[in-house]
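Numbered per the working numbering, the sequence shown spans residues 649 to 832. Here the structure is laid out as structure tokens; the discussion comes afterwards.
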Amino acid sequence: LNITATKTSTGYGCYIGTCYWKSAKLTTKQKVGFKFGYLEARLKTPVGAGMWPAFWMLGVPRKTCDGWPSCGEIDIVEAKDNPNNVVHGTAHGPGYSGGQGLGNVFFHTESLSEAYHVYAIEWFPNRINWYFDGKLYHTITPKSTFGNPYPYNQQFFLILNLAMGGLFTGQLDPANLPSTSMYV
649 LNITATKTST
659 GYGCYIGTCY
669 WKSAKLTTKQ
679 KVGFKFGYLE
689 ARLKTPVGAG
699 MWPAFWMLGV
709 PRKTCDGWPS
719 CGEIDIVEAK
729 DNPNNVVHGT
739 AHGPGYSGGQ
749 GLGNVFFHTE
759 SLSEAYHVYA
769 IEWFPNRINW
779 YFDGKLYHTI
789 TPKSTFGNPY
799 PYNQQFFLIL
809 NLAMGGLFTG
819 QLDPANLPST
829 SMYV
């Protein structure tokens, strides 16, 4: 699978004003749900200012939650270009979302765009382990939330996407986009 971002000749309305890039998001929402197990993807990420490739999960809304962040988010991997050798694995939930997520990073010795890498979680009741190429680098349990809810013992759905720009990655630099594709 190749998810490619393309620049449009004219802008269009989007969530935060006018956008000039189009990409793709694949989701299993309302199709296939997951609750516990081992999930992985083998990815080769793009490099360039503002590129935001991600393999992640969102909690399915239910009686005890109504969406994000109360239903939870599990970022199996998020990457960005500056530098392009940092693997971000994060859990977001009520009281610890956005920039306050429960995350850790793995620093790889080379750019993530140089080769395919395996990004994975091992998901148990009351524990999630994050892996990069088979190496454990992050774990959360209910104690990790410091008394806030732990919504990860419920069903989630998968998402693969390549976003362009945003608070996590910063501004896009069209002159500095040597690669605009995420390979899965």
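Every residue, glycine too, gets a C-beta built ideally from N, C-alpha and C. Small disclaimer: the values here were computed from a predicted structure and weren't measured.
Among the options, whose alpha-carbon lies nearest the alpha-carbon of residue i?
i    : options                : result
K677 : L808, G813, Y831, Q819 : L808
N774 : Y764, I788, P717       : I788
Y686 : P797, W778, G795       : W778
T757 : G659, P742, G681, N733 : N733
D723 : Y800, L649, V695, S657 : Y800
Q819 : L674, L806, Y668       : Y668
Q748 : N796, Y660, A763       : N796
N650 : G665, F772, F755, A672 : A672
F780 : H765, E770, S792       : H765
K683 : Q803, D821, V832, T828 : Q803
Tell me, which residues are paired with residue i by DSSP?
i    : result
L696 : As written in the sequence, residue 696 is Gly, which differs from the Leu given in the question. Paired residues: none, contrary to the question.
P701 : L810
H740 : E721
Y831 : N650, K692
H756 : H756 is not bridged to any residue.
T666 : G661
V734 : F755
A840 : Outside the shown range of the chain (649 to 832) lies residue 840, about which nothing can therefore be said.
T787 : N777
Around the C-beta of residue i, are 16 or more other C-beta atoms found within 10 angstroms, so that it is buried, or is it exposed?
i    : result
T738 : buried
L750 : buried
A768 : buried
Y798 : buried
A653 : buried
G715 : exposed
Whole beta strand (DSSP E) elements within the region 794 to 826, 3-residue minimum: 804 to 812
Meets three-Cβ-pair contact criterion under 8 angstroms: the region 729 to 743 and the region 694 to 711: yes
Stretch-stretch touch, CB-based, cutoff 8 angstroms, three pairs: the region 809 to 820 with the region 705 to 721: Per the Cβ contact rule, the region 809 to 820 is not in contact with the region 705 to 721 (fewer than 3 Cβ pairs under 8 angstroms).
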